[in-house]
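In the numbering used here, the protein residues as written are 78 to 207.
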């Protein structure tokens, strides 16, 4: 049986907080046959780790990659998620913008309409200023 996995399960596993729920989450992730990690949950996971737990960007990217590596985890667009994590970590884009760039690259759209000038650093897409 497949199920969608919620952010709170992943956060509990990764942070150990609170310990009882963390233990349940870790066991569940290890034993579940198939869990779908949606794009929105991946984005929320990045946000919670970065803002609430104040985890450094490099470690956030590492932790999300570890989640994706779980045998039970399936993602909607694995290559795009990996690319977004790379852009987030290396180019220091916000994860939302990194996801937009990854989607623009993957779909061949090639442009992102945004006021965020950080996108100008990325050579694979054009930023369109509204």
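We treat Cβ as the ideally placed atom computed from N, Cα and C, and that holds for glycine.
This one's a predicted model, so the numbers in the text were calculated from it and none came from an experiment.
May I ask you to report which of helix, strand or coil DSSP gives residue i?
| i | result |
| --- | --- |
| residue 151 | strand |
| residue 170 | coil |
| residue 99 | helix |
| residue 203 | strand |
| residue 189 | strand |
Does the beta-carbon of residue i have 16 or more other beta-carbons within 10 angstroms, so that it is buried, or is it exposed?
| i | result |
| --- | --- |
| residue 204 | buried |
| residue 172 | buried |
| residue 81 | exposed |
| residue 137 | buried |
Taking the alpha-carbon positions, what's the residue i to residue j distance?
| i | j | result |
| --- | --- | --- |
| residue 85 | residue 163 | 23 Å |
| residue 103 | residue 89 | 8 Å |
| residue 191 | residue 97 | 42 Å |
| residue 99 | residue 91 | 8 Å |
| residue 133 | residue 127 | 7 Å |
| residue 118 | residue 145 | 12 Å |
| residue 143 | residue 194 | 30 Å |
| residue 125 | residue 101 | 19 Å |
| residue 93 | residue 206 | 42 Å |
| residue 202 | residue 153 | 22 Å |
Is the stretch 145–153 in contact with the stretch 102–110, if contact means three or more CB pairs nearer than 8 Å?
-> yes
Spell out a yes or no on whether the stretch 183–200 and the stretch 160–170 are touching, meaning 3 or more CB-CB pairs, one atom from each, closer than 8 Å.
-> Result yes; three or more Cβ-Cβ pairs closer than 8 Å.
Length-filtered (4 minimum) alpha helix (DSSP H) runs lying within the stretch 101–136 | 116–128
Examine the Cβ distances between the stretch 153–163 and the stretch 179–187 and report whether three or more of them are shorter than 8 Å.
-> yes
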